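Asker: Here the working numbering runs 6 ahead of the position in the sequence shown, where the first position is 1.
By construction, the Cβ of each residue, glycine as well, lies at the ideal position given by its N, Cα and C atoms.
Here the structure is a predicted model, which means the values were calculated and not measured.
After the structure tokens below, expect a handful of questions from me.
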Amino acid sequence: MNKILILFVASLALFSCKRSSKADIILPRSTGNTNEILVVMKSADWHGKPGDEIRTVFGEHQVGLPQPETLLSVNQIDHSGFSKFIKNNKAILLFQKADSTGISIERDKDARPQIVIKATYGDELDLTNLIKTRGKEIIQLFKDEDIKFTQSIFRKERIDASKFKTVENLGIDIIIPERYKLVQDTLNNFLWMRHHLMSGIARGDGSNNLLIYSLPLGDETKVADNITSVRDSIGEIFIPGSREGMYMITEQAYTPFTYETTLDGKKAYETRGKWEVKNDFMAGPFLNYTIVDKKNNRLVVFEGFTYAPSVNKRDFLFELEAIAKSLKIK
Numbered sequence: 007m008n009k010i011l012i013l014f015v016a017s018l019a020l021f022s023c024k025r026s027s028k029a030d031i032i033l034p035r036s037t038g039n040t041n042e043i044l045v046v047m048k049s050a051d052w053h054g055k056p057g058d059e060i061r062t063v064f065g066e067h068q069v070g071l072p073q074p075e076t077l078l079s080v081n082q083i084d085h086s087g088f089s090k091f092i093k094n095n096k097a098i099l100l101f102q103k104a105d106s107t108g109i110s111i112e113r114d115k116d117a118r119p120q121i122v123i124k125a126t127y128g129d130e131l132d133l134t135n136l137i138k139t140r141g142k143e144i145i146q147l148f149k150d151e152d153i154k155f156t157q158s159i160f161r162k163e164r165i166d167a168s169k170f171k172t173v174e175n176l177g178i179d180i181i182i183p184e185r186y187k188l189v190q191d192t193l194n195n196f197l198w199m200r201h202h203l204m205s206g207i208a209r210g211d212g213s214n215n216l217l218i219y220s221l222p223l224g225d226e227t228k229v230a231d232n233i234t235s236v237r238d239s240i241g242e243i244f245i246p247g248s249r250e251g252m253y254m255i256t257e258q259a260y261t262p263f264t265y266e267t268t269l270d271g272k273k274a275y276e277t278r279g280k281w282e283v284k285n286d287f288m289a290g291p292f293l294n295y296t297i298v299d300k301k302n303n304r305l306v307v308f309e310g311f312t313y314a315p316s317v318n319k320r321d322f323l324f325e326l327e328a329i330a331k332s333l334k335i336k
């Protein structure tokens, strides 16, 4: 009887082991900052042509920022040093020699959340060409993962945005973290919220701001061309300066960059540029998403702008991008 019981328990344990999955494994929390990746590559390649290609592709500057800042911050380590806690980095680009050239993705391999992009190649020429041809795709994969990661954090500390008249009237849902405080919410469907920066040189004076409003659709072919004039008129009405005659406008010495994109599955335009206060010295970067909502014959606009003198602003604007991309039209 005892033997039968032992065999039954052993079989049950074996069955349980087979049923266990990676999701059941408790992984450590990943390390590393947003917009930062770890490149695992042979030091000889890093100091040669492949490394030069990485610095060229990954060193591209984010448009619309007052000071030059790269799309991603890149750190490199040789395979010999890639072990233990270093494998817990949340964003890893791992280069390995193989019979074929390409990229593959693995998530939550050694930590959570984590994305590991494995890039395989045959020789140095293959490696250099891989970076040149698929570098932008790799960058976007890392950026998209950071957006999801940032939104997951904001989701835990989100405010009830439905209490704002503009959000309710526009019939939208959006994840806004509680650090943002109300500045203005009008019956004209205009919402302005602000987060006072609490660290760094910009502490006290610095702020991250988000605006949400809507406009009639009009001629769809002219939407992109009118983004600058629309935001200037909004600035004149709603974003005043410290004295009369001062208000936020698009910086006249810098032409914004506008790209067609999608947001909430709808056609949209992403515009990045610099703002300034007319007749004053305040300025900074902005990010504008103008969504074509054909169903309701309107444009829904999300804009984020940052005022953070004397500090880098890439990550502040990225936070606003993550909020914008959480917007859903009901």
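Report, in whole angstroms, the separation of the C-beta atoms of Thr234 and Thr256, which I expect to be a contact under 8 Å.
Answerer: For the purposes of this step, residue 234 is taken as residue 228 along the sequence shown, with counting starting at 1. For the purposes of this step, residue 256 is taken as residue 250 along the sequence shown, with counting starting at 1. Indeed, because the Cβ distance is near 5 Å, the residues count as touching under 8 Å.
Asker: Closest by CA to Gly212, which one among Met288, Ile181, Ala259?
Answerer: As a working mapping, residue 212 is identified with position 206 in the sequence shown. Checking every option, the nearest Cα to that of Gly212 belongs to Met288.
Asker: Judging by CA-CA distance, which residue of Phe311, Gly224, Asp84 is the nearest neighbour of Val45?
Answerer: Locating residue 45 in the sequence shown gives position 39, where the first residue counts as 1. Comparing Cα-Cα distances from Val45 to each of Phe311, Gly224, Asp84, the minimum goes to Asp84.
Asker: Of the residues Pro72, Gly128, Arg164, which one's Cα is nearest the Cα of Phe322?
Answerer: Walking along the sequence shown from the start, residue 322 turns up at place 316. The shortest C-alpha separation from Phe322 is found at Pro72.
Asker: For Arg35, which residues does DSSP report across the bridge?
Answerer: To locate residue 35, count along the sequence shown from 1; it is residue 29. DSSP output for Arg35 lists Arg118 as bridge partner(s).
Asker: Here's a check: name, in chain order, each residue in its chain whose Cβ is nearer than 6 Å to the Cβ of Ala230, leaving out the five neighbours to either side.
Answerer: Here residue 230 is taken as the residue at index 224 of the sequence shown, counted from 1. If we look at Ala230 and ignore the five residues flanking it on each side, its Cβ neighbours are Thr264, Tyr275.
Asker: Once the 5 residues before and after Asn318 are set aside, which same chain residues still bring their CB inside 7 Å of it?
Answerer: Residue 318 sits at position 312 when you count from the first residue of the sequence shown. Excluding residues within five positions, the ones whose Cβ falls inside 7 Å are Gln73, Glu75.
Asker: With DSSP run on the structure shown, which of helix, strand or coil describes Thr107?
Answerer: Sequence index remark: in the sequence shown, residue 107 carries index 101 (1-based). Coil, per DSSP.
Asker: CB Arg118 to CB Leu33, shorter than 8 Å?
Answerer: On the sequence shown, position 112 is the one that residue 118 refers to. On the sequence shown, position 27 is the one that residue 33 refers to. Contact flag set, yes.
Asker: On the three-state DSSP scale, how would you describe Thr296?
Answerer: As a working mapping, residue 296 is identified with position 290 in the sequence shown. Here Thr296 sits in strand by DSSP.
Asker: Between Leu18 and the rest of its own chain, which residues show a CB-CB distance below 6 Å, the 5 nearest in sequence each way excluded?
Answerer: The count along the sequence shown starts at 1 and reaches residue 18 at position 12. Its pLDDT being 43, under 50, Leu18 is placed unreliably by the model, and nothing is read from it.
Asker: Going by the beta-carbon positions, is the gap between Leu77 and Glu59 smaller than 8 Å?
Answerer: The sequence position of residue 77 within the sequence shown is 71, counting from 1. The sequence position of residue 59 within the sequence shown is 53, counting from 1. Cβ atoms of Leu77 and Glu59: not closer than 8 Å.
Asker: What's the C-alpha gap between Gly241 and Gly271?
Answerer: Here residue 241 corresponds to residue number 235 of the sequence shown, with the count starting at 1. Here residue 271 corresponds to residue number 265 of the sequence shown, with the count starting at 1. Their Cα atoms are separated by approximately 28 Å.
Asker: Curious, which full-length beta strand (DSSP E) runs of at least 3 residues does the stretch 191-250 contain?
Answerer: With a minimum length of 3 residues, the continuous beta strand (DSSP E) runs that stay inside the stretch 191-250 are 196-202, 213-222.
Asker: Is any heavy atom in the ligand ATP found nearer than 7 Å to the beta carbon of Ala117?
Answerer: Looking at this structure, you won't find the ligand ATP or any other ligand, since it has none at all.
Asker: Return the first residue and the last residue of the alpha helix (DSSP H) that Ala391 is part of.
Answerer: Residue 391 lies beyond the stretch modelled for the chain, which goes from 7 to 336, so this question has no answer here.
Asker: Please identify the residue among Lys331, Lys336, Trp198 whose C-alpha is closest to the C-alpha of Phe2.
Answerer: What the structure shows of the chain is the stretch from 7 to 336, and residue 2 is not part of that stretch, so it cannot be assessed.
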